[in-house]
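A.B. asks: So the working numbering is basically just the index in the sequence shown, starting at one, shifted up by 14.
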Amino acid sequence: MAIKSIKAKANLKRNWIEKVADWLTQKFGTVLFLSINAAWFIVWLLVNLDLIPGIKPFDSFPFGLLTMIVSLEAIFLAIIVLISQNREEKITDLREEISLQIGIFSERELSKVLELMMLILKKNNIDVSQDKQLQRMLKPFDMNRVEKVLENEVNET
Numbered sequence: 015m016a017i018k019s020i021k022a023k024a025n026l027k028r029n030w031i032e033k034v035a036d037w038l039t040q041k042f043g044t045v046l047f048l049s050i051n052a053a054w055f056i057v058w059l060l061v062n063l064d065l066i067p068g069i070k071p072f073d074s075f076p077f078g079l080l081t082m083i084v085s086l087e088a089i090f091l092a093i094i095v096l097i098s099q100n101r102e103e104k105i106t107d108l109r110e111e112i113s114l115q116i117g118i119f120s121e122r123e124l125s126k127v128l129e130l131m132m133l134i135l136k137k138n139n140i141d142v143s144q145d146k147q148l149q150r151m152l153k154p155f156d157m158n159r160v161e162k163v164l165e166n167e168v169n170e171t
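1. Can you tell me which of the three DSSP states Gln40 falls into?
2. Do Leu80 and Asp73 have their C-beta atoms within less than 7 Å of each other?
3. So, with DSSP's three-state summary, where would you put Asp107?
4. Run the CB neighbour count on Ala52, radius 10 Å, all protein chains shown included, and call it buried at 16 or more, exposed below.
5. For the structure I just gave you, are there three or more beta carbon pairs, one from the region 115-128 and one from the region 53-60, closer than 8 Å?
6. Is the CB-CB distance between Val127 and Thr39 below 7 Å?
7. Rounded to whole angstroms, what is the Cα-Cα separation between Trp30 and Ile83?
8. Return the CA-CA distance between Lys146 and Glu161, expressed in angstroms with no decimal places.
9. Got a sec? Which residues, its chain only, sit under 8 Å from Phe77 by beta carbon, not counting five neighbours each side?
10. For Ala92, is the classification buried or exposed, using 16 other Cβ atoms within 10 angstroms of its Cβ as the cut-off for buried?
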């Protein structure tokens, strides 16, 4: 039985804005995008410093139009990246929750296996009472205690 990945399921549920944001974020994080931006700014500066003959400057120093365009670009880039990051964070949170639940379930299963092993050992008159590590392992797992310890550690940092 194949299990569809959490990310694949989340990708199927994306709305069109999230799809566009993810696509744009992939494109923005490339050397090509950096190169296009750098070339654009260089050409803009060369034109507006009147260093290219035949092209009349349209945004003289201190380049107010360029500043506005770059500011707007930065705002939109930040928003688009945040949309993608928020979606990725939801996926990560879901993965962590699933991992935690699997860990708890596995611990319960292992505890049961250990109980059964102890029954077999007792039935065969094998004494393991001196095994301190095994004795600790036989104690019930206290999830509430672990949670409190972790909460205290988080609050201390």
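All C-beta atoms, glycine included, are put in the ideal place defined by N, C-alpha and C. Just so you know, these numbers come straight off a predicted model, no measurement behind them.
C.D. replies: With the given structure in hand:
1. In the structure shown, Gln40 adopts helical secondary structure according to DSSP, grouped into three states.
2. One thing to note: Leu80 has its Cβ within 7 Å of the Cβ of Asp73.
3. Helix.
4. Ala52 is classed as exposed because its beta carbon has fewer than 16 other beta carbons within 10 Å across all chains shown.
5. Short answer: they don't touch.
6. No, these two residues do not count as a Cβ contact at 7 Å.
7. The straight-line gap from Cα to Cα measures roughly 26 Å.
8. Each residue's alpha carbon lies about 25 Å from the other.
9. Excluding sequence neighbours, Phe77 sits near Trp58, Leu59, Asn62.
10. Here Ala92 is exposed: its Cβ has fewer than 16 other Cβ atoms, across all protein chains shown, within 10 Å.
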